[in-house]
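Worksheet: the structure to be examined is printed underneath.
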Amino acid sequence: MSESQNLLAEQRRALIVDEVRRRGGARVNELTRRLGVSDMTVRRDLDALARQGVLEKVHGGAVPVVEASTHEPGFEAKSGLEPTAKEDIARTAASLVAPGSAIALSGGTTTYALAHRLLDVPDLTVVTNSVRVADVFHAAQRTSGQRQGAATVVLTGGVRTPSDSLVGPVADQAIASLHFDVLFLGVHGIAPDAGLSTPNLAEAETNRRLVRSARRVVVVADHTKWGTVGLSSFAALSQVDTLVTDAGLSAPARAEIAEHLHRLVVAGEDEREDGDGPADDREDPADS
3 MSESQNLLAE QRRALIVDEV RRRGGARVNE LTRRLGVSDM TVRRDLDALA
53 RQGVLEKVHG GAVPVVEAST HEPGFEAKSG LEPTAKEDIA RTAASLVAPG
103 SAIALSGGTT TYALAHRLLD VPDLTVVTNS VRVADVFHAA QRTSGQRQGA
153 ATVVLTGGVR TPSDSLVGPV ADQAIASLHF DVLFLGVHGI APDAGLSTPN
203 LAEAETNRRL VRSARRVVVV ADHTKWGTVG LSSFAALSQV DTLVTDAGLS
253 APARAEIAEH LHRLVVAGED EREDGDGPAD DREDPADS
């Protein structure tokens, strides 16, 4: 299957997930009419989405997966969800990083993808509570040696979560003593009333400290995170400067986000607008 066909399949599946979540369920015949594809294609899409755990197949259609607000998938499980969207988001978010700045990367698979995109940005100071993110920079140094302009990485320490983040009093104390230009924050869920949330209470407190220590907060989250609510909220939408997401975000969701957030950046779409994409609208954190 070609790359363009893969992209079309991901966009189609994003629409299916949005429809199922918005309406509380959808039938196969309804989805075939809306998407203009065959029953077989829809059923294959539902099979793939059910394997990813984002919906549940039932006779004749699908319904949303009802998860406990305390459910926290592991890093490997989350890595398999929306990989193309995460790469698009990472590429766009990387264009917001100025050389020589001090940034923080929270735990998560999207920030992990972003870390790979930052290896060639010179003279960064990177604060992170993610073992996986730190490993990206350390592996690059082991491979290429201590090259000029390589990032300085500060790993906070703390207690490890299922998503390989370090949280708890040790992490909180380390973060509280630091100040960084931009925080790139991965989230479990983002919603109008609940704001940013996570199923892990200790991680919520550590994320609060990250938000307090940042001059700017950039949330990197694919479209499936919108409308998801975890056990503990740690920041209001008013505390977010920018949300970088992917093209799978529905039009109603975009309209709602525009009412609450300072800036919405849609990876792929914004770059195609002359003079209005992240690369052309890059802001030096030191001047913000």
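Each residue of the sequence shown is one higher than the one before, counting from 3 in my numbering. Cβ coordinates follow ideal geometry from the N, Cα and C atoms, glycine included.
According to DSSP, is residue 85 part of a helix, a strand, or is it coil? Three-state result, residue 85: helix.
Quick check: what's the CA-CA separation for residue 10 versus residue 250? One C-alpha to the other measures close to 11 Å.
Looking only at its chain, what residues have a beta carbon closer than 7 Å to the beta carbon of residue 336, apart from the 5 residues adjacent to it on each side? With the chain covering only 3 through 290, there is no way to say anything about residue 336.
Is DSSP giving residue 123 helix, strand or coil here? Of the three classes helix, strand and coil, the one that applies to residue 123 here is coil, per DSSP.
Taking DSSP as the reference, what is the three-state secondary structure of residue 218? Three-state result, residue 218: strand.
Pick from 161, 57 and 40: whose alpha carbon is nearest that of residue 226? It is 57.
Where does residue 253 land, buried or exposed, given buried means 16+ other C-beta within 10 angstroms? Exposed: under 16 other Cβ atoms inside 10 Å.
Is the separation between the beta-carbon of residue 206 and that of residue 182 shorter than 7 Å? Contact: no.
Give the range of the alpha helix (DSSP H) segment to which residue 146 is assigned. First-last of the alpha helix (DSSP H) with residue 146: 133-146.
Could you spell out the range, first to last residue, of the alpha helix (DSSP H) harbouring residue 104? Run containing residue 104: none in the alpha helix (DSSP H); it sits in the beta strand (DSSP E), 104-107.
What three-state label does DSSP hand residue 243 in the structure shown? Three-state result, residue 243: coil.
Among 129, 176, 64 and 190, which one has its Cα closest to the Cα of residue 234? Minimum Cα distance to residue 234 is reached at 190.
What first and last residue would you give for the alpha helix (DSSP H) that runs through residue 193? Bounds of any alpha helix (DSSP H) do not take in residue 193; it lies within the beta strand (DSSP E) bounded by 191-193.
Can you give me the C-alpha to C-alpha distance between residue 163 and residue 59, rounded to a whole angstrom? Distance between the alpha carbons of residue 163 and residue 59: 30 Å.
Is it true that the region 168-176 meets the region 84-96, where meeting means three or more beta-carbon pairs spaced less than 8 Å apart? Segments in contact, no.
In chain order, what residues of the same chain have a beta carbon less than 7 Å from the beta carbon of residue 231, not counting five sequence neighbours either side? 71, 191, 193, 196 and 199, listed in sequence order.
Can you check DSSP and say which residues form a bridge with residue 199? Per DSSP, 191 and 235.
Beta-carbon proximity check, residue 228 vs residue 269, cutoff 7 Å: No, these two residues do not count as a Cβ contact at 7 Å.
Cut-off 8 Å between Cβ atoms - residues of its own chain near residue 138, not counting five sequence neighbours on either side: The answer, listed in chain order, is 114, 117, 118 and 121.
In or out: residue 265 buried (at least 16 other Cβ within 10 Å) or exposed? Around the beta-carbon of residue 265, fewer than 16 other beta-carbon atoms lie within 10 Å, marking it exposed.
Where residue 12 falls, given that 16 or more other Cβ within 10 Å makes a residue buried: Buried: at least 16 other Cβ atoms inside 10 Å.
What first and last residue would you give for the alpha helix (DSSP H) that runs through residue 154? Counting along the chain, residue 154 sits inside no alpha helix (DSSP H); it lies in the beta strand (DSSP E) bounded by residues 154-157.
How far does the alpha helix (DSSP H) with residue 257 in it extend, from its first residue to its last? 253-262 is the extent of the alpha helix (DSSP H) around residue 257.
For residue 174, does the three-state DSSP call read helix, strand or coil? Correct three-state label for residue 174: helix.
Cutting at 6 Å between CB atoms, please list the residues of its own chain near residue 133, excluding the five before and the five after it. Result list for residue 133: 166, in chain order.
DSSP beta-bridge partners of residue 149: Residue 149 pairs with nothing; no bridge assigned.
With DSSP as the reference, label residue 12 as helix, strand or coil. DSSP places residue 12 in helix when its eight states are reduced to three.
Leaving out five residues before and five after residue 274 in sequence, what residues of the same chain have Cβ atoms less than 7 Å from its Cβ? Legend: pLDDT at residue 274 = 45, less than 50; position of this residue unreliable, no value from coordinates given.
Buried or exposed: where does residue 73 fall if 16 or more other Cβ atoms within 10 Å of its Cβ makes it buried? Confidence at residue 73 is low in this model, with a pLDDT of 46, below 50, so the placement of that residue is unreliable and no value is reported for it.
Could you tell me if residue 108 is buried or exposed, where buried requires 16 or more neighbouring beta carbons within 10 angstroms of its beta carbon? With a 10 Å radius around the Cβ and a threshold of 16 neighbouring Cβ atoms, residue 108 comes out buried.
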